[in-house]
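To start, the structure under review is shown below, and the notes come after it.
Protein chains: 2
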Amino acid sequence: MSLEHDLQQEKFSSVHNKAAVNILYTSSWLYNLNASRLKDYDITPEQFNVLRILRGSHPKPLMLADIALRMIDKNSNATRLVEKLRQKGFLKREICEENRRQVDIIITDKGLNVLKRIDSDEAEWLAKLKTITKAEAQELNRILDKLRG
Amino acid sequence: MSLEHDLQQEKFSSVHNKAAVNILYTSSWLYNLNASRLKDYDITPEQFNVLRILRGSHPKPLMLADIALRMIDKNSNATRLVEKLRQKGFLKREICEENRRQVDIIITDKGLNVLKRIDSDEAEWLAKLKTITKAEAQELNRILDKLRG
DNA sequence: CGCAAATGTTTGTAGCTACAACTATTGTCT
DNA sequence: AGACAATAGTTGTAGCTACAAACATTTGCG
């Protein structure tokens with residue numbers, strides 16, 4: 001559906017400005033879609049993102065700064081996100097003995113399991129994104145990467 | 001810069017998934033860029049968005065629900081955003097006499113002025129988006145609209 | 001060695017958001 | 001007219017985020 005219709009706005013000052021609004025609006029739409037599918041698993045998109053990052057490096061631990069670097073939204077507070085996930089038993093934290101300033105963070109079996117359960121809905125999730133073709137998705141990725149410079 | 005580099009992640013499970021992450025990440029990047037330019041005017045991106053919506057209908061008032069409908073992030077609380085802007089003197093609220101359930105909201109001269117001042121930086125802002133061509137911006141808009149279905 | 005700078009993380013606090021419950025007003029149906 | 005639903009907006013509250021300041025540990029250097 002056109003952005004003009006969705007936001008009830010008939011004109012934008014420029015194509016570039018419209019693109020900026022479109023990205024923000026589509027992102028919000030996507031975020032809400034993602035949040036609602038994750039709600040069944042009692043996990044937020046930010047928490048899901050952290051767990052996926054940890055699975056990516058498993059069984060090697062990551063320190064907090066590594067996680068923060070890889071997070072989609074750099075503003076979220078990694079310390080408190082990790083603590084929430086620890087309380088749920090999805091990861092464990094250990095003070096690193098080689099460098100006692102840093103904390104080694106490792107996903108637990110329980111964490112891997114919840115990701116596996118979420119993966120089982122992956123097809124359904126992907127279907128929602130398949131309104132665009134693979135070629136369009138590739139082009140989208142190219143343009144977004146170029147935009148960020 | 002490539003998403004893989006930015007998020008230090010070497011592979012995505014599919015192009016579509018990568019596109020979803022790319023939209024969320026680029027949106028966060030854009031949001032922060034926008035927030036930092038608006039900081040000089042002591043206004044948040046959400047508040048700026050509301051003011052632009054009101055300017056779009058000026059001098060016709062909008063009711064709260066109209067604003068909420070046009071907002072980029074539908075989750076933000078329109079009541080409290082409007083109240084913040086009223087406290088700053090950027091808009092006024094009047095109970096509509098034809099239908100006393102609704103509130104007529106109108107941007108003030110002070111509100112129009114702050115928008116005008118922000119507009120004067122518009123070129124600098126647009127320049128940050130001009131890493132992509134006009135054709136690419138158009139294609140981006142087309143693909144994002146198609147994605148939302 | 002001793003001390004300042006750098007690194008890695010935590011925490012305090014004000015402000016913002018999400019969700020649901022609530023109030024007030026108008027519309028509809030018999 | 002009276003009752004119930006629909007519409008418009010507000011508010012309570014728990015939780016989350018932003019930003020800066022604090023803390024702990026290690027590194028570099030005179």
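Respectively, the protein sequence lines represent chains P and Y. The first sequence begins at 1 in full-length UniProt numbering and counts up one residue at a time. The second sequence begins at 1 in full-length UniProt numbering and counts up one residue at a time. Quick reminder that beta carbons are idealized off the backbone N, C-alpha and C, glycines included.
DSSP places residue 110/P in the helix class (H, G or I) of the three-state scheme. Straight-line spacing of the CA atoms in residue 50/P and residue 61/Y works out to 44 Å.
For residue 22/Y, the residues of chain P that pass the 8 Å Cβ criterion are 140, 141, 144, 145, in the order they occur in the chain. In the DSSP assignment, residue 85/Y is bridged to no other residue.
By the Cβ neighbour-count rule, residue 46/P is buried, with 16 or more other Cβ atoms within 10 Å of its own. Interface residue (Cβ-Cβ distance to chain P less than 8 Å): residue 25/Y is classified as such. The segment 130-139 of chain P makes no contact with the segment 99-115 of chain P, as fewer than three CB pairs between them are under 8 Å. Taking 8 Å as the threshold, the shortest C-beta distance from residue 73/P to chain Y falls below it. In chain order, 46, 49, 50, 53, 78 place their CB closer than 8 Å to the CB of residue 71/P, counting only its own chain and leaving out the 5 sequence neighbours on each side. The contact set of residue 16/P on chain Y, defined by CB atoms closer than 8 Å, consists of 126, 129, 130, 132, 134, 137 in chain order. Residue range 122-129 is occupied by the alpha helix (DSSP H) that includes residue 126/P.
Residue pairing by DSSP puts residue 93/Y in a beta bridge opposite 105/Y. What residue 63/Y touches in chain P, judged by beta-carbon distance under 7 Å, is nothing: the nearest beta carbon there is about 13 Å away. At least 8 Å separates the CB of residue 68/P from every CB of chain Y. With respect to the 8 Å criterion, residue 115/P and residue 55/P are classified as neighbours on the basis of their beta carbons. Taking 8 Å as the threshold, the shortest C-beta distance from residue 120/Y to chain P does not fall below it.
When 7 Å is used as the limit between beta carbons, residue 2/P is near these residues of chain Y: 145, in chain order. Residue nearest to residue 82/Y within the set 65/Y, 97/Y, 120/Y is 65/Y (criterion: CA-CA distance).
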